[in-house]
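Colleague: Structure below; questions to follow.
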Amino acid sequence: MLSRRTAIMGALATSASLRSFAQTQNPLGGGPSGNAPPTILQLQRRSIVVNGKPTSVFAIRQPEGISGITTDVGTPFRVRVENKIDEPSLIHWHGLTPPWQQDGVPGVSGSAIPPGGSADYDFPLRFGGTFWMHSHQGLQEQLLMAAPLIIRDQRDRPDQQEIVVMLADFSFTPPDQIFAGLKRSGSAAPTAAQIAATPVAANGAMAGMSKPGAAAKPDLNDVKYDAFLANDRTLADPEVIKVAPGERVLLRIINSSSMSAYHVDLGQLDGELIAVDGFPVTPVTARRFPIAVAQRLDIRLATPRRSGAYPVLAVLEGERKQTGVMLVAGNGSVTRIAELAKAASPALTLDLESRLRASQPLTARKADRVHTLNLTGDMAKYIWSINNVAWTPEVPPLPIAKGERVELVLVNQTGMPHPMHLHGHEFQVVEIDGKRFPGAVRDTVLVPPGRRVVIAFDANNPGLWAFHCHLLYHLDAGMFTTLRYV
Ligand SMILES: [Cu+2]
Numbered sequence: 043m044l045s046r047r048t049a050i051m052g053a054l055a056t057s058a059s060l061r062s063f064a065q066t067q068n069p070l071g072g073g074p075s076g077n078a079p080p081t082i083l084q085l086q087r088r089s090i091v092v093n094g095k096p097t098s099v100f101a102i103r104q105p106e107g108i109s110g111i112t113t114d115v116g117t118p119f120r121v122r123v124e125n126k127i128d129e130p131s132l133i134h135w136h137g138l139t140p141p142w143q144q145d146g147v148p149g150v151s152g153s154a155i156p157p158g159g160s161a162d163y164d165f166p167l168r169f170g171g172t173f174w175m176h177s178h179q180g181l182q183e184q185l186l187m188a189a190p191l192i193i194r195d196q197r198d199r200p201d202q203q204e205i206v207v208m209l210a211d212f213s214f215t216p217p218d219q220i221f222a223g224l225k226r227s228g229s230a231a232p233t234a235a236q237i238a239a240t241p242v243a244a245n246g247a248m249a250g251m252s253k254p255g256a257a258a259k260p261d262l263n264d265v266k267y268d269a270f271l272a273n274d275r276t277l278a279d280p281e282v283i284k285v286a287p288g289e290r291v292l293l294r295i296i297n298s299s300s301m302s303a304y305h306v307d308l309g310q311l312d313g314e315l316i317a318v319d320g321f322p323v324t325p326v327t328a329r330r331f332p333i334a335v336a337q338r339l340d341i342r343l344a345t346p347r348r349s350g351a352y353p354v355l356a357v358l359e360g361e362r363k364q365t366g367v368m369l370v371a372g373n374g375s376v377t378r379i380a381e382l383a384k385a386a387s388p389a390l391t392l393d394l395e396s397r398l399r400a401s402q403p404l405t406a407r408k409a410d411r412v413h414t415l416n417l418t419g420d421m422a423k424y425i426w427s428i429n430n431v432a433w434t435p436e437v438p439p440l441p442i443a444k445g446e447r448v449e450l451v452l453v454n455q456t457g458m459p460h461p462m463h464l465h466g467h468e469f470q471v472v473e474i475d476g477k478r479f480p481g482a483v484r485d486t487v488l489v490p491p492g493r494r495v496v497i498a499f500d501a502n503n504p505g506l507w508a509f510h511c512h513l514l515y516h517l518d519a520g521m522f523t524t525l526r527y528v
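Written out as C-alpha cells, the structure is:
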C-alpha cells in the first residue's frame, strides 16, 4: 500500500516548502534542521475516569506521553503522525498556515492515515502563540482526539509560569448516536428551563430566524453532555497546579469542546487578555472572558502575594455547569468547588469582540473580492449549510485569486451561534453589524444568531482550504465550504 507519508512527500517535492525546510537553520540547536529527527505524535486509545466511570477516549501523544507539542517560532514544524488506533484518522493543525496538502482535512487536503500508517509534516512556523491540534476525521474530536500546540515566541517571558487549560465537553453516549439523536429530534431534549427561556427555539428555531436580530434568545447547547472537562478532569477532582505567591502566570486556555462555549471566570483575580487565537491584542483587563468553540485566550495574571487557592473556571454559556483547574499558591488549601455555578452564565455576545484591537493588524486595504456567506440551516431536520447548500465534495470551491485581499461577510440566519473557522490563513475581524473597526486577528470568530460579522484576509497561501462552523455536528451536517486559488 502506498503510505500516506509517500503521498505527502510526493506532493511536497513539488512545492516550495521542501526547499524552505531544507534551507531553514535551527536557531536553538545550531545545526541544520534538516538533520533533526521529527517529533513523533501517536494517535492512541487511552482510558480516563469521568464521573467515577472509566471510559475509552483518544489521545494525540508523543511516545513519552506528552500530549501535543510545545515548540519555538522559527523552528520548522517537523512531525510524524503515527496512527495507532483501529480506524483512519487525520490531524488538523488548528491556526497554523502550512502548505495546503499538510492541513489535515480528509477529502480536502489529502486522505486519512489508515490504521498502522503514518504521515510526515514539515513546514515553517511563521508566528508563535497558543494553537491546538485535533482530528478532522468523522466525529473523533468528540472523543478527545485533540491536544495543545504551543509555539513560544518573544512574548513569552522567562519569569512567568505557563499553564495550559484544555476545555472539553464529554458524553458517555457514542458520538454517532449523539448525531443520530440530533437528526431524529432536531436537538436533544431541552431542559425545562430552556423551554421556558427559548420557546421559539425549542419549537424549531427557524420560525424566529427570518428576521435578522429577532432571535433574542439563542438556541444553545443542543447536546446534553455528561461532563465538562478541564485537562481531562471535572471539578469533583480538578487538576491542582502549584504556583508561587505573587508569581506571574500565563494562562493558555484552549476550547477544544465539540459544541460548548464558556465564560472563563477568574474569580477574584484580574486577568489581562493579551492574545486571542494566538495573535496579540491590545490588552483587556477583566475577570470574565467569553471563549467560543475552537478559540484560545492567552491571559496574564499575577497570583496574590498570600497563600491561597484560586480556581480558574469555565462556566457553560446559558447554564450553571462549570469546570476548571485550581491554582494553589504557597500553603493554600484546596476547597471543593461546586460543579454548578451560583448563577447561569449568559449566552456569548460580541461585546468583547467589538472591543478587541489587533496589536498587529492587516495593512489597511480595500477588498479585492467579497463573498457573502449566509449561515443557514434547518433546525428541525438538523441540516446546517452555507447559502443553503449543505456541503458535499461536489460543491464548487469559492473562487479567489492569489494576492487578493478577501472579505467574507458572515450573516447568521439561524437561531444558533456558529463559531466560524478559516483554515490556512489568519484573518482580521473588520466589521460587526455594519460598524467597521480594526478588530482582532484570529482564526475562529463567533457569529451569534441574527448578527453580521465581516472578516478580511490576504490570499497568501494558495491551495484548497476549508471554511466551516466549528460546532462538530454542524460541521458534519454540512456547514462547511472550501476556497481555492493557485
Ligand atoms: Cu454551527
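One rule links them: number in our numbering = place in the sequence shown (from 1) + 42.
Positions of the beta carbon are idealized from the N, C-alpha and C atoms, including for glycine.
1. In the DSSP assignment, what residue or residues form a beta bridge with T81?
2. Counting Cβ pairs, one atom from each stretch, are 3 or more of them under 8 Å apart for the stretch 203-211 and the stretch 286-297?
3. Please state the DSSP three-state secondary structure of D26.
4. If we call anything under 8 Å between Cβ atoms a contact, is G492 one with N430?
5. Once the 5 residues before and after R348 are set aside, which same chain residues still bring their CB inside 8 Å of it?
6. Tell me whether F214 is buried or exposed, calling it buried when 16 or more other Cβ atoms sit within 10 Å of its Cβ.
7. Rounded to the nearest angstrom, what separates P148 and V335 at their Cα positions?
8. So the alpha helix (DSSP H) D410 belongs to, where does it begin and stop?
9. Can you name the start and end residues of the beta strand (DSSP E) that I205 belongs to?
10. Is it true that the stretch 95-104 meets the stretch 192-201, where meeting means three or more beta-carbon pairs spaced less than 8 Å apart?
11. Would you mind working out which of P490, D164 and F522 sits nearest L262, comparing C-alpha positions?
12. Using 8 Å as the threshold, is the C-beta distance between F119 and P141 below it?
13. Rounded to a whole number of angstroms, what is the C-alpha to C-alpha distance between V115 and I193?
14. Beta carbon of W426: closer than 7 Å to some heavy atom of ligand 1?
15. Can you tell me whether M521 sits near ligand 1, meaning its C-beta is under 7 Å from at least one heavy atom of the ligand?
16. Just to confirm before moving on: does the CB-CB distance between L191 and F221 stay below 8 Å?
17. Sort out for me which residues DSSP pairs G419 with in a bridge.
18. Rounded to the nearest angstrom, what separates I316 and I341 at their Cα positions?
19. Can you say whether G466 is buried or exposed, counting buried as having 16 or more other CB atoms within 10 angstroms of its CB?
20. Hey, how far is the Cα of L525 from the Cα of V496?
21. Under a three-way DSSP split, which group does F509 fall into?
22. If you reduce the DSSP assignment to three classes, tell me which class K95 lands in.
23. Check this for me: beta carbons of G366 and A272, under 8 Å apart or not?
24. When DSSP builds the beta bridges, which residues end up paired with W174?
25. Going by the C-beta, is H467 closer than 7 Å to any heavy atom of ligand 1?
26. Beta carbon of F331, beta carbon of A482: below 8 Å?
27. With burial defined as no fewer than 16 other Cβ atoms inside 10 Å of the residue's Cβ, what is the status of K284: buried or exposed?
28. Tell me the residue span of the alpha helix (DSSP H) that contains E395.
29. What number of angstroms, rounded off, separates the C-alpha of D485 from the C-alpha of D145?
30. Since V451 contacts T414 with CB under 8 Å, what's their CB separation in whole angstroms?
31. How about T434 and S427: do their beta carbons lie closer than 8 Å?
32. Cα separation between I133 and M175?
33. Give the DSSP-derived three-state secondary structure of P217 in the structure shown.
34. Grab me the residues of D211's own chain with a C-beta within less than 7 Å of its C-beta, minus the 5 sequence neighbours each way, in chain order.
35. In or out: Q179 buried (at least 16 other Cβ within 10 Å) or exposed?
36. Strictly by DSSP, which residues pair up with I8?
Modeller: Looking at the coordinates:
1. V121.
2. As far as the Cβ criterion goes, the stretch 203-211 touches the stretch 286-297, which means the pair count is three or higher.
3. Residue 26 falls outside the range modelled here, since the chain spans only 43 to 528, and no answer is possible.
4. Taking 8 Å as the Cβ cut-off, G492 and N430 do not qualify as a contacting pair.
5. The residues are P287, A371 and G372.
6. It counts as exposed.
7. P148 and V335: Cα-Cα distance of roughly 21 Å.
8. D410 -> no alpha helix (DSSP H), and no H or E assigned at all.
9. Q202 to F212 is the extent of the beta strand (DSSP E) around I205.
10. Put simply, the stretch 95-104 does not touch the stretch 192-201. Fewer than three CB pairs are less than 8 Å apart.
11. Out of P490, D164 and F522, P490 has the C-alpha closest to the C-alpha of L262.
12. Remark: C-beta atoms of F119 and P141 do not approach each other more closely than 8 Å.
13. Taking the straight line from one Cα to the other gives about 6 Å.
14. Yes, Cβ of W426 sits closer than 7 Å to a heavy atom of ligand 1.
15. In this structure, M521 has its beta carbon less than 7 Å from a heavy atom of ligand 1.
16. Not in contact: L191 and F221 (Cβ atoms no closer than 8 Å).
17. G419 is bridged by DSSP to W426.
18. Distance between the alpha carbons of I316 and I341: 6 Å.
19. It counts as buried.
20. If you take the alpha carbons of L525 and V496, they lie about 16 Å apart.
21. Here F509 sits in strand by DSSP.
22. Three-state DSSP puts K95 in a strand.
23. It is a contact, given that the beta carbons lie within the stated cut-off.
24. Looking at the DSSP assignment, W174 forms a beta bridge with H136 and P190.
25. H467: no, Cβ never under 7 Å from ligand 1.
26. One thing to note: F331 has its Cβ no nearer than 8 Å to the Cβ of A482.
27. By the C-beta density criterion, K284 is exposed, having fewer than 16 other C-beta atoms within 10 angstroms.
28. In the DSSP annotation of this structure, the continuous segment of the alpha helix (DSSP H) that includes E395 starts and ends at D393 to R397.
29. When the Cα atoms are used, D485 and D145 turn out to be separated by approximately 14 Å.
30. Cβ atoms of V451 and T414 come within 8 Å of each other, at about 4 Å.
31. The answer is no: Cβ separation not under 8 Å.
32. Whole-angstrom Cα-Cα distance: 6 Å.
33. Here P217 sits in helix by DSSP.
34. Cβ contact annotation for D211 (same chain, cutoff 7 Å, sequence separation greater than five): Y267, F270, S299, S300, M301 and S302, in chain order.
35. Result: buried.
36. Any answer about residue 8 is impossible in this case: the structure gives the chain only from 43 up to 528.
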